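Data block below; observations after.
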Amino acid sequence: MKCDFKEELEALNPSQRTAVTTTDGRVLILAGAGSGKTKVLTVRMAYLMSAKGVSPKSILGLTFTNKAAAEMRHRIGLLAAPEIAKQISLCTFHSFCMQILRAEIHKLGYTSQFSLYDEKDVQRLIGLIARDLLEHEAQLPSLASTTAVINQAQNKGLASEEICNTGSKWHDEFTRSIYQRLQASLRAYNAVDFNNLLGLTVQLFENFPEVLDKYQERYRYLMIDEYQDTNPIQYKLASLLSRKYQNLCVVGDDDQSIYGWRGAEVKNILEFSHATIIKLEQNYRSTNTILKAANGVISHNQTRHQKVLWSHRGEGEPIEIFHAPAEKEEAEAVVYRIAHLREKYQLKWRDIAILYRSNALSRLFELALMNYTWKEGDQWIKGIPYEIFGGTEFYERREVRDLFAYLRVIANPLDQEALLRIINQPRRGIGEAALDAATAYNRNHQLPLWDVLKALAQGEPTVQEVASHWSQKALNSLQNFIGILESSKQRFEQDLSPALIELVEAINYKKAIDDEVKSTQMRDFKWENVQEFISSLAEFKESFHKEFHKNPTLHDFITATPLQQDWKPHQKNTSEKDQVNLLTFHSAKGLEFKACFLVGIEDHIIPHEKSLKEVGVEEERRLMYVAITRARQFLTISMARKRKKMGKEYASKPSRFLHEIPKELLKITKWDQALEI
Numbered sequence: 000m001k002c003d004f005k006e007e008l009e010a011l012n013p014s015q016r017t018a019v020t021t022t023d024g025r026v027l028i029l030a031g032a033g034s035g036k037t038k039v040l041t042v043r044m045a046y047l048m049s050a051k052g053v054s055p056k057s058i059l060g061l062t063f064t065n066k067a068a069a070e071m072r073h074r075i076g077l078l079a080a081p082e083i084a085k086q087i088s089l090c091t092f093h094s095f096c097m098q099i100l101r102a103e104i105h106k107l108g109y110t111s112q113f114s115l116y117d118e119k120d121v122q123r124l125i126g127l128i129a130r131d132l133l134e135h136e137a138q139l140p141s142l143a144s145t146t147a148v149i150n151q152a153q154n155k156g157l158a159s160e161e162i163c164n165t166g167s168k169w170h171d172e173f174t175r176s177i178y179q180r181l182q183a184s185l186r187a188y189n190a191v192d193f194n195n196l197l198g199l200t201v202q203l204f205e206n207f208p209e210v211l212d213k214y215q216e217r218y219r220y221l222m223i224d225e226y227q228d229t230n231p232i233q234y235k236l237a238s239l240l241s242r243k244y245q246n247l248c249v250v251g252d253d254d255q256s257i258y259g260w261r262g263a264e265v266k267n268i269l270e271f272s273h274a275t276i277i278k279l280e281q282n283y284r285s286t287n288t289i290l291k292a293a294n295g296v297i298s299h300n301q302t303r304h305q306k307v308l309w310s311h312r313g314e315g316e317p318i319e320i321f322h323a324p325a326e327k328e329e330a331e332a333v334v335y336r337i338a339h340l341r342e343k344y345q346l347k348w349r350d351i352a353i354l355y356r357s358n359a360l361s362r363l364f365e366l367a368l369m370n371y372t373w374k375e376g377d378q379w380i381k382g383i384p385y386e387i388f389g390g391t392e393f394y395e396r397r398e399v400r401d402l403f404a405y406l407r408v409i410a411n412p413l414d415q416e417a418l419l420r421i422i423n424q425p426r427r428g429i430g431e432a433a434l435d436a437a438t439a440y441n442r443n444h445q446l447p448l449w450d451v452l453k454a455l456a457q458g459e460p461t462v463q464e465v466a467s468h469w470s471q472k473a474l475n476s477l478q479n480f481i482g483i484l485e486s487s488k489q490r491f492e493q494d495l496s497p498a499l500i501e502l503v504e505a506i507n508y509k510k511a512i513d514d515e516v517k518s519t520q521m522r523d524f525k526w527e528n529v530q531e532f533i534s535s536l537a538e539f540k541e542s543f544h545k546e547f548h549k550n551p552t553l554h555d556f557i558t559a560t561p562l563q564q565d566w567k568p569h570q571k572n573t574s575e576k577d578q579v580n581l582l583t584f585h586s587a588k589g590l591e592f593k594a595c596f597l598v599g600i601e602d603h604i605i606p607h608e609k610s611l612k613e614v615g616v617e618e619e620r621r622l623m624y625v626a627i628t629r630a631r632q633f634l635t636i637s638m639a640r641k642r643k644k645m646g647k648e649y650a651s652k653p654s655r656f657l658h659e660i661p662k663e664l665l666k667i668t669k670w671d672q673a674l675e676i
């Protein structure tokens with residue numbers, strides 16, 4: 000198979016070219032910030048097909064976001080052809096495991112119509128299990144730590160009996176019991192926890208060698224993006240898949256490993272053994288002044304692969320740094336500088352970002368942006384437009400989760416979590432006592448709740464003891480509810496979005512919104528979300544048909560949607576909106592801006608006091624490095640001498656990381672000085 004990409008290969012720098020043409024065996028590509036790793040990955044895939052004659056179906060590329068996978072697929076389509084790009088398996092870890100499980104999960108005792116539980120579903124289920132375990136509500140501890148320990152166990156591939164690090168013998172036993180019952184409940188509901196998609200796939204590969212062999216033969220070349228962010232179970236999955244042919248190429252940067260708090264282990268990239276190591280150190284994003292600052296900070300980490308970023312973009316402007324008397328003055332000074340920088344260099348608002356270590360710092364900057372008055376031509380305007388990254392995701396909104404739960408039950412009636420969410424939404428007059436009687440019966444007799452409810456609706460004598468807790472009105476509502484779901488099931492087998500429109504009308508969901516929400520504006524917002532959700536089914540059908548040349552089933556939509564966490568319906572490209580960007584250091588990873596303002600650069604904020612205990616100073620330093628390397632041309636660093644916490648004012652010291660930036664790179668200014676235009 001030939002791909003026309005010679006010009007692309009010649010355009011690469013020597014290190015990039017080596018990374019592309021080193022195709023066999025284990026390869027570690029250490030890609031510094033802004034060094035063109037996506038280009039290297041995509042050209043490498045094209046090179047495998049063209050120079051090595053590798054079938055596109057033999058290549059598997061694993062990423063952490065759908066956006067990254069889509070970008071790579073698009074670029075490969077330009078290098079080769081869109082129809083060739085489609086044949087490469089290019090997806091997130093979770094999407095890949097979903098594909099495997101849909102084909103093979105029957106070997107683990109599930110059916111292929113399983114439901115996929117997200118974080119909120121699991122939290123609710125853990126709460127129900129905990130209440131069952133304890134005799135008195137007062138005994139119920141905070142479940143946040145229990146959930147965190149279970150997530151950590153899943154990321155490490157640990158069984159329940161291996162949990163033993165919660166700090167208390169009672170809590171260890173309690174957490175183990177929760178974990179065991181959680182797994183049993185999920186199996187009973189024919190449901191899979193989103194976090195355990197990888198664990199079940201590893202279990203499948205380890206217990207069924209013929210299944211592992213099938214996928215090893217299919218995917219002889221494996222590439223993993225952002226390898227520094229992998230956790231133990233992802234590491235295990237990659238090791239199993241690549242064990243036979245050893246053609247594993249991982250791309251990442253240990254200096255950008257900033258997710259230790261959610262299970263990522265930097266040692267996966269630091270200890271990647273028996274590999275050819277290639278360093279990409281030429282940066283195409285930032286000026287040398289910015290890169291020297293980043294190099295200065297990160298060089299103080301002891302545990303790292305040695306790298307020094309450099310650029311052909313020249314030295315650029317010095318890094319401005321100022322110290323405001325208090326946090327309010329810091330915010331006002333930053334916004335003043337933003338307005339003047341925009342005017343002086345003819346920037347767009349969207350070229351500028353305010354970056355902070357934690358979300359709590361954003362409030363005063365929002366106020367300062369809202370209150371700033373600036374001139375556009377002859378007109379004075381109050382308020383600089385801005386956008387905060389990380390608002391409530393579309394699929395987290397209540398009305399969307401309600402309708403999604405309906406779809407889950409229609410596809411999989413055993414999904415008890417979704418069934419309990421919708422049975423009284425919209426309100427049907429089914430009381431707590433009636434539901435408690437039904438759920439107690441289903442637990443005691445080990446029957447699916449759906450079967451118990453159907454028996455109740457049909458007046459079967461076997462559930463007479465439950466029926467005594469139900470009023471006739473509630474039973475009538477239940478009969479209507481079950482009738483709607485069963486008739487909807489047939490309708491969804493024909494076409495998705497028209498079936499959802501009919502379902503929304505059948506349950507009278509618009510009236511439910513009107514009855515529950517007083518604000519007209521909020522009613523409109525919620526109903527728009529409902530309409531958007533309906534549209535998302537139509538969009539899904541179109542994209543699914545384009546890729547697979549057939550119409551999707553309801554189950555296809557249900558299992559794909561939770562995997563699209565970084566996708567929003569009708570999402571506009573951020574670059575189209577002319578707004579200042581406000582985001583955390585973590586959210587900024589992978590992004591770049593012409594001008595960056597790093598604010599609140601003080602000890603106890605960065606490095607963060609709590610994170611110092613949990614992940615150590617080296618991860619916090621890596622986070623500072625990530626923040627610095629987001630800037631292309633202009634970088635300003637600010638801090639406050641005093642800051643309020645819990646209503647009390649306290650003195651604040653500059654971050655220790657500032658002392659690691661070479662002084663000759665800095666331009667120290669007064670916080671309130673007038674700026675030249």
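Residue numbers (numbering that gives the first Met the number 0): 0 to 676. We treat Cβ as the ideally placed atom computed from N, Cα and C, and that holds for glycine. Values in this document were obtained by computation on a predicted structure and should not be read as measured data.
- Taken atom to atom, the span from the alpha-carbon of K51 to that of P497 is near 48 angstroms.
- Separation of the CB atoms of L197 and Q233 is rounded to 6 angstroms, and the pair is thereby assigned contact status at 8 angstroms.
- Following the DSSP letters along the chain, one finds Y440 in no beta strand (DSSP E) but inside the alpha helix (DSSP H) bounded by residues 431 to 443.
- For the beta strand (DSSP E) assignment, the uninterrupted runs of no fewer than 3 residues enclosed by the region 75 to 123 are, from N- to C-terminal side, 88 to 91, 114 to 116.
- Residue pairing by DSSP places N580 opposite A352, E386 in a beta bridge.
- The three-state reading of DSSP puts F193 in helix, counting H, G and I together.
- The Cβ atoms of L346 and A183 lie no closer than 8 angstroms to each other.
- For the set W449, K66, E431, the Cα lying nearest the Cα of W469 is the one of E431.
- Contact between L279 and L290 does not hold, since their C-beta atoms are separated by about 13 angstroms, which reaches or exceeds 8 angstroms.
- Excluding five sequence positions before and after V408, the CB atoms of its chain that fall closer than 7 angstroms to its own CB belong to D414, A417, L418, I421, L484, given in chain order.
- The continuous alpha helix (DSSP H) containing F547 extends over residues 519 to 547.
- The DSSP-derived three-state label of L402 is helix.
- In summary, Y220 is buried, with 16 or more beta-carbon neighbours lying within 10 Å of its beta-carbon over all protein chains present.
- Under the DSSP assignment, E501 falls in the alpha helix (DSSP H) whose first and last residues are 495 to 505.
- In this chain, the alpha helix (DSSP H) harbouring Q415 covers 415 to 421.
- In the three-state scheme derived from DSSP, where H, G and I count as helix and E and B as strand, K644 is classed as strand.
- By the Cβ-count criterion, A650 is exposed, with fewer than 16 other Cβ atoms from all chains shown falling within 10 Å of its own Cβ.
- Cα atoms of E541 and R631: separation of roughly 38 angstroms, rounded to the nearest angstrom.
- I318 counts as buried, since at least 16 other C-beta atoms from the protein chains shown sit within 10 angstroms of its C-beta.
- Rounded to whole angstroms, L434 and A158 show a C-alpha spacing of 33 angstroms.
- DSSP, reduced to helix, strand and coil, places W449 within a helical segment of the structure shown.
- A buried status is given to I605, since no fewer than 16 other beta-carbon atoms sit within 10 Å of its beta-carbon.
- For F321, there is no enclosing alpha helix (DSSP H); the residue is part of the beta strand (DSSP E) that begins and ends at 318 to 325.
- DSSP, read as helix, strand or coil, puts W169 in helix.
- According to the DSSP assignment, L211 belongs to the alpha helix (DSSP H) that extends over 208 to 217.
- A residue is called buried when at least 16 other Cβ atoms come within 10 angstroms of its Cβ; E205 does not meet this threshold and is exposed.
- Counting along the chain, the unbroken alpha helix (DSSP H) around I627 starts and ends at 616 to 627.
- The DSSP-derived three-state label of F393 is helix.
- Out of L236, A292, S272, the CA that lies nearest to the CA of R620 is found in A292.
- Between the C-alpha atoms of D120 and L127 there is a straight-line separation of about 11 angstroms.
- Nearest C-alpha to M638 among D401, I667, E617: I667.
- DSSP, read as helix, strand or coil, puts Y244 in coil.
- With 16 or more neighbouring CB atoms inside 10 Å of its own CB, G156 falls in the buried class.
- Here the region 213 to 228 lies against the region 243 to 251, with 3 or more beta-carbon pairs under 8 angstroms apart.
- Less than 8 angstroms divides the Cβ of V579 from the Cβ of P384.
- Take the alpha-carbon of Q520 and the one of V503: they are about 20 angstroms apart.
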